[in-house]
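Engineer: This is the structure I have questions about; it appears just below.
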Amino acid sequence: MLNHQGPLSRTFHALADPTRMAIIDRLSRGPASVSELARPLEMSLAAVMQHIQVLELSALVRSEKRGRVRTCSIEPATLLAAQDWIAARRQSWESQLDRLGALLDAEDREHKTGKRKP
Amino acid sequence: MNKPSAAKRLIYGNFTIERVYPQAPARVFAAWSNPEVKARWFIGPPPWKLVERAHDFRIGGEELCHGRFSEAGTVTHGCGAALHGGDTIFRARYSDIQPDARIVFTYDMSWNGAHRSTSIVGVEILAEGKGTRLIFTEHVVFLDGEDGTESRRTGSAAHLESLAAAL
Numbered sequence: 085m086l087n088h089q090g091p092l093s094r095t096f097h098a099l100a101d102p103t104r105m106a107i108i109d110r111l112s113r114g115p116a117s118v119s120e121l122a123r124p125l126e127m128s129l130a131a132v133m134q135h136i137q138v139l140e141l142s143a144l145v146r147s148e149k150r151g152r153v154r155t156c157s158i159e160p161a162t163l164l165a166a167q168d169w170i171a172a173r174r175q176s177w178e179s180q181l182d183r184l185g186a187l188l189d190a191e192d193r194e195h196k197t198g199k200r201k202p
Numbered sequence: 179m180n181k182p183s184a185a186k187r188l189i190y191g192n193f194t195i196e197r198v199y200p201q202a203p204a205r206v207f208a209a210w211s212n213p214e215v216k217a218r219w220f221i222g223p224p225p226w227k228l229v230e231r232a233h234d235f236r237i238g239g240e241e242l243c244h245g246r247f248s249e250a251g252t253v254t255h256g257c258g259a260a261l262h263g264g265d266t267i268f269r270a271r272y273s274d275i276q277p278d279a280r281i282v283f284t285y286d287m288s289w290n291g292a293h294r295s296t297s298i299v300g301v302e303i304l305a306e307g308k309g310t311r312l313i314f315t316e317h318v319v320f321l322d323g324e325d326g327t328e329s330r331r332t333g334s335a336a337h338l339e340s341l342a343a344a345l
C-alpha cells in the first residue's frame, strides 16, 4: 500500500485496477451486494472481497452487513469534494511558492540594475 | 450552521511541497514575515480580487486574506482556492516563529460562508549552499462534504481523472 503518502495516493492505488474500477462503475448506479458485484467478474468471491476491502480502506466504498448479506455502496460526494478541496489547497500553495520565488528573483534584478528600493 | 447529516465525515489529507530558492534564508523568511512583501505573492489568479487583508506576524498573531472570484468557473489556485468562484476567506494564527528558520501556523478556509477546512502548516526554511530549501508541510481536515458534487453515475470516473491530472 502507498498509504504513507496520504489519502490521495491511496485513492489512486485503489482505482489503478480494472476490477476495482468495474466495482465503482457498478456501485455508481446504486448499492449492491457482494455476490451481485462478483457475478459479472471472473474471479472468486474471496478475491472480490479483497478488492472491496481496498476500496473501503481508501474510503471510496462502504459496506454494511445485514444478516448474511453484505451490501456495498459508493461514497462519492463527501470524498470527492474533500479530495478536490485538498488538491486545490496543494495547487494553491504550489503557485504561491512559485510566485514567491519569482518575486525574490525580480527583487534581485532590480538590485542589479541599480533600481534599489529605499 | 450546516444541517446535520449522517453522511458527514471528516476526511484528512496531508501534503509536502519543496522549493529551492537561490536567495538566502533571511530573504525567504522576509517574504513571509513582511506583510507588504507577502501581499505581493500571497494572492489569487484573475479574476480573484482582494476584499480585505490583515497580517499580524507574531506568535499568536492572526492573518486574514479575504478574496472574491467574481466570475463563475473552476478556479483551483490562489489565496482562496475557490472551486467554483465566490468568496474565500483564509484565516490563520501563528503558533511558532523562528526568524529565518521556521514558521508554524494553523488556518481555516471558508468558501462562500461555509467553513471547509482547518489545517496545520509547517514552513521550514533551511540553508542550502548560498540559497534556501523551503519545505512546506500541511495537514488538512476537510469538514464539509455537503456542498460537493452530487454526481454519482456520471461523476466518479471523470472526477477522479481530473483529480489525477491535477496532481
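First to last, the protein sequences are chains A and B. Residue 202, in our numbering, is where the first sequence stops; the numbers in between run on with no holes. Residue 345, in our numbering, is where the second sequence stops; the numbers in between run on with no holes. From the three backbone atoms N, C-alpha and C, an ideal C-beta is built for every residue, glycine too. Since the model is a prediction, treat every value here as computed from it, not as a measurement.
Please classify SER295(B) as buried or exposed, where buried requires at least 16 other C-beta atoms within 10 Å of its C-beta.
Structural biologist: buried
Engineer: Strictly under 7 Å for the Cβ-Cβ distance: is GLN180(A) near chain B by that measure?
Structural biologist: yes
Engineer: Count Cβ pairs between the stretch 226 to 245 of chain B and the stretch 263 to 271 of chain B that sit closer than 8 Å; are there 3 or more?
Structural biologist: yes
Engineer: Please return the same chain residues whose Cβ sits closer than 8 Å to the Cβ of ARG233(A), not counting the five positions on each side in sequence.
Structural biologist: This structure leaves residue 233(A) out entirely; chain A is present only between 85 and 202.
Engineer: In three-state terms, what does DSSP make of PHE235(B)?
Structural biologist: DSSP places PHE235(B) in coil when its eight states are reduced to three.
Engineer: Between which two residues does the alpha helix (DSSP H) holding ARG104(A) run?
Structural biologist: 102 to 111
Engineer: For ILE275(B), which option in VAL301(B), LEU321(B), ASP286(B) has the closest C-alpha, if you only look at C-alpha atoms?
Structural biologist: VAL301(B)
Engineer: Ordered along the chain, which non-local residues of its own chain (more than five positions away) have a Cβ less than 6 Å from that of LEU261(B)?
Structural biologist: Because the pLDDT of LEU261(B) is 49, which lies under 50, any placement of that residue in the model is unreliable, and the number read from its coordinates should be weighed accordingly. Hits under 6 Å: none found.
Engineer: If you draw a straight line from the C-alpha of VAL215(B) to the C-alpha of ILE189(B), how long is it?
Structural biologist: 34 Å
Engineer: May I have a chain-ordered list of the beta strand (DSSP E) segments no shorter than 3 residues that lie completely inside the stretch 267 to 295 of chain B?
Structural biologist: 280 to 289
Engineer: Which residue comes first and which comes last in the alpha helix (DSSP H) that contains LEU188(B)?
Structural biologist: Judged by DSSP secondary structure, LEU188(B) falls outside any alpha helix (DSSP H); it is assigned neither H nor E.
Engineer: Are the stretch 178 to 192 of chain A and the stretch 131 to 148 of chain A in contact at 8 Å, needing three or more beta carbon pairs?
Structural biologist: no
Engineer: When you compare the CB of GLY307(B) with every CB in chain A, is at least one pair closer than 7 Å?
Structural biologist: no
Engineer: Would you say PHE193(B) reaches chain A, if we count a Cβ-Cβ gap shorter than 7 Å as a contact?
Structural biologist: Closer than 7 Å: yes.
Engineer: So, is LEU111(A) buried or exposed, given that buried needs 16 or more other C-beta atoms within 10 angstroms?
Structural biologist: Of the residues assessed, LEU111(A) falls on the buried side of the cut-off, its CB having 16 or more other CB atoms within 10 angstroms.
Engineer: When you compare the CB positions of TRP219(B) and ILE281(B), do they come within less than 7 Å of one another, or not?
Structural biologist: no
Engineer: Quick test of your reading: THR284(B) and ILE298(B), contact by CB under 8 Å. State the CB separation rounded to the nearest angstrom.
Structural biologist: Between ILE298(B) and THR284(B) the Cβ distance is about 5 Å, and since that is below 8 Å, they are a contact.
Engineer: Give me whichever residues DSSP pairs with VAL153(A) in a beta bridge.
Structural biologist: ARG150(A)
Engineer: Kindly give me the distance between the Cβ atoms of TRP177(A) and PHE320(B), rounded to whole angstroms, as I take these residues to be in contact under 8 Å.
Structural biologist: Not a contact, Cβ separation roughly 16 Å.
Engineer: Per DSSP, what kind of secondary structure is CYS227(B) in: helix, strand or coil?
Structural biologist: Looking at the sequence shown, residue 227(B) is not Cys but Lys. Note: LYS227(B) maps to strand in three-state DSSP.
Engineer: Check whether the Cβ atoms of SER248(B) and PRO224(B) sit closer than 7 Å, and answer yes or no.
Structural biologist: no
Engineer: Does any residue of chain B have a CB that is nearer than 7 Å to the CB of ILE136(A)?
Structural biologist: Output row for ILE136(A): interface = no.
Engineer: Tell me whether the beta-carbon of ALA204(B) lies closer than 7 Å to the beta-carbon of ASP278(B).
Structural biologist: yes
Engineer: Which word fits GLU236(B), buried or exposed, when buried means at least 16 other C-beta atoms lie within 10 angstroms of its C-beta?
Structural biologist: The residue you asked about is not Glu; residue 236(B) is Arg in the sequence shown. The residue in question, ARG236(B), is exposed, as its Cβ has fewer than 16 Cβ neighbours within 10 Å.
Engineer: My assumption, with CB atoms under 8 Å, is that HIS135(A) sits in contact with ILE107(A). Please give the rounded CB distance.
Structural biologist: 6 Å
Engineer: Whose C-beta lies closer than 6 Å to the C-beta of GLU196(B) among residues of the same chain, with five residues either side of it excluded?
Structural biologist: ILE313
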